[in-house]
Amino acid sequence: MKSARAVAHTNIALVKYWGKRDSSPADLNLPAVGSLSLTLDRLRSETTVCPAGHDSFTLNQEPASGEVAGKVLRQLDRVWQAAGHAGPRPPCEVVSRNFLPTAAGLASSASGFAALTLAAAAAFDHDPGRPALSALARRGSGSAARSLWGGFVRLERGVAADGSDCRAYPLHPQAHWDVRLLIVHTERGPKAIGSTAGMQRSRDTSPYYGPWVDTSEADLAAAEAALAARDLAVLGDIVEHSCFKMHACMMASRPPIVYWRGATLDVVHAVWRLRAEGLQGYVTSDAGPHVKVLCLSGQADDLAARLRDVPGVHAVDLVGPGPDPTVEVLA
Ligand code: PMV
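Going left to right, the sequence shown walks through residues 1 to 331 as the UniProt record's numbering numbers them.
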């Protein structure tokens, strides 16, 4: 094997994914719905995979163990298996750093598993092309499949039982549209539940889960058309609908899954108030209390300044569309 390094940027879903396919063996990690995302500038993971005497994983300059390291090593095994090499996987040293805003509570799993998959594939001499690597990254984390491209990306739900058609593809490059995403950090409490367990609980107990799954393809088609037309009002309406529908499905689970805090809703109402005043922002939020606001670059600074004044807001980061990942084989 060789040594290789990859850099992949994180992404935020504009049309959300929540739930795994009923028939999905856990290891394939097949989503029940497709999703559409924006890859983000600056916010990224940088990962190196090198041959070593024994397996190790260092995350943000600290040695990692337990489940965190276990997930990384399982992903290395999958890439090694996919590469079709005879014999056991050689031991590897994996070193990863996340460049995400401090204390953001932004999931690093999308950029992290994308960078890991790309670095491991290069280290193991496996080059099946980005679509197949996207399907492989998906097995580490569903959202990671989308970080294989910059710009605007769609993750296809797929129908094949082996998950081979469940992979992302690029819709538009980074330069397609000069939008901004404001990441509005609000107060944090204990995290309600991890995404995998939360998705299973929603599927098993939420009466809204079926309708959530059944209506997602229509959201995706409408969002794709609005994105192609660069129509923020139409896209923003779908972005908010997908977000609130996902959270309604979560909240109707038993026991309820509530990721929002008081400040989350205060920010949502502030965005709606500002929109009525002409600052055109649209909210989305994931498995945490922060709010992300989609807007045009020309209004991003004004919107950020106004949202920093909302009580309970700790910080507002501005990010634009991000680039494709990069991979290099090290000498
Ligand atoms: O792939 P995961 O386990 O990071 O789940 C992603 C779930 C959401 O962030 C809530 C929605 C999405 O599509 O990214």
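Every residue, glycine too, gets a C-beta built ideally from N, C-alpha and C.
query                                                                                                                                                                                               : result
Suppose you measure from the CA of P131 to the CA of Y169; what does that come to, to the nearest Å?                                                                                                : 7 Å
Compute the minimum distance between the beta carbon of G142 and the heavy atoms of the ligand PMV, and state whether it is under 6 Å.                                                              : yes
Are the stretch 226–240 and the stretch 281–292 touching, with three or more C-beta to C-beta distances below 8 Å?                                                                                  : yes
Spatial neighbours of Q299 within its chain, please: C-beta separation below 7 Å, excluding the five flanking residues on both sides.                                                               : L279, Q280
Residues in its own chain within less than 6 Å of V329 by CB, not counting five upstream and five downstream?                                                                                       : K2, A4, A122
Cβ of Y209 versus every heavy atom of the ligand PMV: is any distance shorter than 6 Å?                                                                                                             : no
Ordered along the chain, which non-local residues of its own chain (more than five positions away) have a Cβ less than 6 Å from that of L28?                                                        : G163
Return the bridge partner residues of Y169 from the DSSP annotation.                                                                                                                                : R154
Considering only their Cβ atoms, is the gap separating P325 from A120 smaller than 7 Å?                                                                                                             : no
Just to confirm my understanding: we take T10, look at its own chain, exclude 5 residues before and 5 after, and list those with CB closer than 6 Å. What are they?                                 : L40, L43, A110, S111
Give me the Cα-Cα distance between R201 and R254, rounded to the nearest whole angstrom.                                                                                                            : 7 Å
Check F244 in the structure and name its three-state DSSP category.                                                                                                                                 : helix
With a threshold of 16 other CB atoms inside 10 Å of the CB of T196, please say whether the residue is buried or exposed.                                                                           : exposed
If we count Cβ pairs, one from each stretch, closer than 8 Å, do we get three or more for the stretch 139–156 versus the stretch 261–281?                                                           : no
Of all the alpha helix (DSSP H) runs that stay within the bounds of the stretch 92–119, which reach a length of 4 or more residues?                                                                 : none
Would the C-beta of K2 count as close to the ligand PMV, meaning under 6 Å from any of its heavy atoms?                                                                                             : no
Could you tell me whether the stretch 126–141 touches the stretch 88–101, using the rule of 3 or more Cβ pairs below 8 Å?                                                                           : no
On a Cα-Cα basis, can you pick out the residue from P51, P207, G140 that is closest to A331?                                                                                                        : P51
Starting from the C-beta of residue 346, find all residues in its chain whose C-beta is less than 6 Å away, skip the five residues before and the five after it, and write them out in chain order. : Summary: the structure shown does not reach residue 346, with the chain confined to residues 1 through 331, and so no result is reported for it.
Note down the Cα distance separating V33 from R21, rounded to an integer number of angstroms.                                                                                                       : 8 Å
Here's the rule I'm using: 16 or more other beta-carbon atoms within 10 Å means buried, otherwise exposed. How should H290 be labelled?                                                             : buried
Does the Cβ of S197 lie closer than 6 Å to at least one heavy atom of the ligand PMV?                                                                                                               : For the record, residue 197 in the displayed sequence is Ala; it is not Ser. Incorrect: A197 has no Cβ contact closer than 6 Å to the ligand PMV.
Distance, Cα to Cα, C295 vs G210?                                                                                                                                                                   : 31 Å
Is it the case that the CB of S285 approaches a heavy atom of the ligand PMV more closely than 6 Å?                                                                                                 : no
To the nearest angstrom, how far is it from the Cα of E277 to the Cα of P207?                                                                                                                       : 37 Å
Exposed or buried, residue 397, counting other C-beta atoms within 10 Å across all chains shown (16 or more means buried)?                                                                          : Look at the range of the chain in this structure, 1 to 331, and you will see that residue 397 is not part of it.
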